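Structure first, then comments.
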Amino acid sequence: MKEDGFTYIEALLSLALFAIFVLAVQQVLHVSVRERAERSTEATAYLLAYSLLEQWKAGLVVETDDREIEGKRYRIQITSTNVTEMVERCEVQVFWESEWVGERRIGFLGYRFMPLVRSAIIEE
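Numbering-wise, the sequence shown is residues 8 to 131 according to the numbering used here.
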């Protein structure tokens, strides 16, 4: 069967090649959208952990409640310890569930100087 210079088989083959091309482009777009979403989620967790650490350094009260940002739940863990009498250390970790990798974690470690005021010095 001949139709405008193409045989029926050639038309089917070109249609099949076009379908394969469309599927390949769709897969590439799907992967790029997934990677962009993953990078966006990681950037949000990074900024959340860093801002919580900066709040702690400023002496503000930092809540460790789970937070939901843009439909993604972030679990916060803060550990604060005294290094010396006047230096305090804090570790902030943010956990989230990735759809493709599983549980992810990002953390920061920071220190702050805590001036020590003794009542004996004030009494003198």
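Even glycine gets a Cβ: it sits at the ideal position worked out from N, Cα and C. Remember, it's a predicted structure, so these values are computed and weren't measured experimentally.
(message) Less than 6 Å between C-beta atoms, sequence neighbours within five positions excluded: which residues of the same chain meet that for S126?
(response) What you label residue 126 is simply residue 119 of the sequence shown in a count that begins at 1. In this prediction, S126 scores a pLDDT of 47, lower than 50, which makes its location untrustworthy; the coordinate-derived value is nonetheless stated afterwards. No residues qualify anywhere along the chain.
(request) Determine which residues share a DSSP beta bridge with W103 and list them. (result) Against the sequence shown, residue 103 aligns to sequence position 96. The bridge partners DSSP lists for W103 are Y81, R111.
(message) With three or more beta-carbon pairs closer than 8 Å as the criterion, would you say the stretch 19-28 touches the stretch 70-86?
(response) No: fewer than three Cβ pairs fall under 8 Å.
(message) What residue range does the alpha helix (DSSP H) around E49 cover?
(response) Numbered from 1 along the sequence shown, position 42 holds the residue referred to as residue 49. Element bounds for E49: 15-64.
(request) May I ask which residues mark the beginning and end of the beta strand (DSSP E) holding E75? (result) Within the sequence shown, the letter at position 68 stands for residue 75. Counting along the chain, the unbroken beta strand (DSSP E) around E75 starts and ends at 74-76.
(request) Taking only the alpha-carbon atoms, compute the straight-line gap between V94 and F102 and give it to the nearest angstrom. (result) Taking the first residue of the sequence shown as position 1, residue 94 is located at position 87. Taking the first residue of the sequence shown as position 1, residue 102 is located at position 95. If you take the alpha carbons of V94 and F102, they lie about 27 Å apart.
(request) Would you kindly check if the distance between the Cβ of E45 and the Cβ of W107 is under 9 Å? (result) In the sequence shown, counting from the first residue as 1, residue 107 sits at position 100. In the sequence shown, counting from the first residue as 1, residue 45 sits at position 38. Their beta carbons are under 9 Å apart, which means W107 touches E45 by this criterion.
(request) Could you check the C-alpha separation between L59 and V99 for me, to the nearest Å? (result) Against the sequence shown, residue 59 aligns to sequence position 52. Against the sequence shown, residue 99 aligns to sequence position 92. A straight-line Cα-Cα distance of about 7 Å links L59 and V99.
(message) Taking only three categories from DSSP, how would you classify V90?
(response) As a first step, residue 90 must be located in the sequence shown, where it is residue number 83. Reduced to three states, the DSSP call for V90 is coil.
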